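What follows is one structure encoded as structure tokens, with my remarks underneath.
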Amino acid sequence: VKHIIVEKGKPVMIDFERCHYTKKPKNVTQFCQFLISEQVEKILNRKGLGFDKEKMKRLAQEYKRTLKRSALKKIIALV
110 VKHIIVEKGK PVMIDFERCH YTKKPKNVTQ FCQFLISEQV EKILNRKGLG
160 FDKEKMKRLA QEYKRTLKRS ALKKIIALV
């Protein structure tokens, strides 16, 4: 599955095609890294959106460490 975000006529593709089941999933933490990237931060700021990047980092680390659904829910709530 591929997703495309269009900003000022420039498409940015997010490729989730390589996703697969694993005991140590990384797609959540990769997505968090994407969200806190400078490029996405600029786009969100222009739209009047944003979130606490440091908190996102802490929550991503918690999820990576525990893989608990409750940690994932905290990430979703932040976004």
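Every position in the sequence shown, counted from 1, becomes a number in the working numbering once 109 is added. The C-beta atom is built at its ideal place from N, Cα and C for all residues, glycine as well. Just so we're clear, the structure is a prediction, and the values are computed from it rather than from any experiment.
*DSSP-derived helix/strand/coil call for V121*: In the sequence shown, residue 121 corresponds to position 12, counting from 1. Of the three classes helix, strand and coil, the one that applies to V121 here is strand, per DSSP.
*asked:* Quick check: the Cα distance between I113 and Q148, rounded to an integer number of angstroms?
replied: Against the sequence shown, residue 113 aligns to sequence position 4. Against the sequence shown, residue 148 aligns to sequence position 39. Roughly 14 angstroms between the two C-alpha positions.
*4-residue-minimum alpha helix (DSSP H) runs that sit fully inside the stretch 132-186, ordered along the chain*: Inside the stretch 132-186, DSSP marks whole alpha helix (DSSP H) runs of 4 or more residues at positions 136-144, 147-155 and 162-175, from first to last along the chain.
*In whole angstroms, what separates the C-alpha of K164 from that of T131?*
In the sequence shown, counting from the first residue as 1, residue 164 sits at position 55. In the sequence shown, counting from the first residue as 1, residue 131 sits at position 22. Distance between the alpha carbons of K164 and T131: 26 angstroms.
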